Each structure stands twice: as structure tokens, then as C-alpha cells.
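Mapping of the sequence shown onto the working numbering: residues 113 to 259, in sequence order. No residue lacks a Cβ here, since even glycine has one placed at the ideal position from N, Cα and C. Computed from a prediction, not measured in an experiment: that's the story for all the values here. What follows is a short report on a single structure.
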Amino acid sequence: MFLVPTSRQAHDLSRSLERLFDDSFGNAFGSDARDVAQALRSPALDVTETDHAYTVKLDMPGVPKEAVKITVEGRRIGIEAEQAQTEEKKDGERVLYRERSVARFSRTFSLPQEINEAESSARMEHGVLILTLAKRVAKGGARLTVN
Numbered sequence: 113m114f115l116v117p118t119s120r121q122a123h124d125l126s127r128s129l130e131r132l133f134d135d136s137f138g139n140a141f142g143s144d145a146r147d148v149a150q151a152l153r154s155p156a157l158d159v160t161e162t163d164h165a166y167t168v169k170l171d172m173p174g175v176p177k178e179a180v181k182i183t184v185e186g187r188r189i190g191i192e193a194e195q196a197q198t199e200e201k202k203d204g205e206r207v208l209y210r211e212r213s214v215a216r217f218s219r220t221f222s223l224p225q226e227i228n229e230a231e232s233s234a235r236m237e238h239g240v241l242i243l244t245l246a247k248r249v250a251k252g253g254a255r256l257t258v259n
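Structure representation (C-alpha cells):
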């Protein structure tokens with residue numbers, strides 16, 4: 113199979129461990145180190161299939177559609193994006209704690225069948241990237257002559 117499902121509890125445990133590491137790492141080396149530790153995220157995704165296409169949905173909240181880069185190489189799909197941090201400091205204001213930082217999203221996976229890039233599409237709706245990936249149809253069979 114092409115995807116290995118994990119339970120929600122495993123995801124929550126992973127996030128708890130990341131936060132523990134990030135807090136310890138950030139306290140020891142400053143807030144810049146915490147930004148590096150949280151830099152790369154792997155968005156959650158759902159994949160469904162019909163006879164003609166795959167539909168992939170990825171959670172990418174706060175990421176503008178212009179920042180998303182999608183690569184299709186046969187059966188392999190790569191998705192990358194960067195969510196920029198907005199600095200909205202006012203005079204006399206100082207940051208006491210920051211968890212929201214520049215985030216890079218990256219996810220690569222393989223599907224069971226090759227994708228037809230020309231007939232595929234992508235759109236962003238309410239922070240969810242929706243890919244409709246058309247399956248590549250095998251070309252008509254050829255006849256062989258027996259010699």
C-alpha cells in the first residue's frame with residue numbers, strides 16, 4: 113500500500129514530544145533556535161479514489177495559494193509551501209512569547225497509478241489544498257505480427 117495510516121493518538125503524542133523538545137531547545141538556545149526546530153511541518157492529508165482520478169486534501173492553514181509548489185513525477189507527488197510570519201509590532205510593544213513562526217510545509221507520497229499532469233488540477237479552499245489528480249490511461253494496445 114502507498115500510505116501508512118497512523119492513529120490520532122500517535123499524532124498527538126508526536127506533537128507533545130515536539131513541543132517538549134522545542135521548549136527545552138528554545139530555552140537553552142534562545143527563541144531563534146525554537147524557530148529552526150519548528151521550521152518543517154508535514155501537513156495531514158486524505159486521499160480518495162474514483163475510476164478516473166485521485167483526490168488529495170491537505171490541511172495548510174494560513175498558506176497563500178501562490179506559495180504552494182506541487183510536483184508530479186509519474187506516481188510520485190511532492191507538495192511544498194512556506195507560510196510567512198507577519199510582524200505587526202506597535203510602538204512600545206515587545207514580544208513575550210512566540211509560537212507562530214515561519215513554517216515550511218512539505219509532503220511527498222506515491223500513488224498506485226501514474227498521474228496525467230495535463231488533466232489534473234489544484235485549488236485552495238478555506239486553508240485546505242485540494243488536488244484532483246487524473247489517472248494516466250494506458251494507450252490503446254498495439255498488434256504484433258508473428259514472423
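- Beyond the five residues adjoining it in sequence on each side, glycine 190 comes within less than 6 Å, by CB distance, of Thr183, Thr220 in the same chain, given in chain order.
- DSSP places serine 218 in the uninterrupted beta strand (DSSP E) bounded by 215-222.
- The count of Cβ pairs closer than 8 Å, one atom from the stretch 172-180 and one from the stretch 227-243, reaches three, so the stretches are in contact.
- Under the three-state reduction of DSSP output, glutamate 185 falls in the strand class.
- Between the C-alpha atoms of lysine 181 and glutamine 195 there is a straight-line separation of about 12 Å.
- Comparing alpha-carbon positions, the option among Ala156, Arg187, Pro155, Arg216 lying closest to serine 232 turns out to be Arg187.
- With a cutoff of 7 Å on beta-carbon distance, alanine 165 and leucine 245 are scored as near each other.
- Here valine 240 has Lys169, Leu170, Asp171, Met172 as same chain residues with Cβ atoms under 8 Å from its own Cβ, once five neighbours each way along the sequence are excluded.
- Cβ neighbours of glutamate 178 within its own chain (closer than 8 Å, five residues either side excluded): none.
- Serine 232 is bridged by DSSP to nothing; it lacks a bridge partner.
- In this structure, Asp163 is the residue among Arg153, Ser154, Lys201, Asp163 with its C-alpha nearest to the C-alpha of valine 249.
- In the three-state DSSP reduction, alanine 156 falls in the coil class, being neither helix nor strand.
- Annotation: valine 258 to serine 154 spans about 53 Å, alpha carbon to alpha carbon.
- Non-local C-beta neighbours of glutamate 192 in its own chain, meaning closer than 6 Å and more than five positions away in sequence, comprise Lys181, Ser218, ordered along the chain.
- Per DSSP, the continuous beta strand (DSSP E) segment holding aspartate 171 begins and ends at 165-171.
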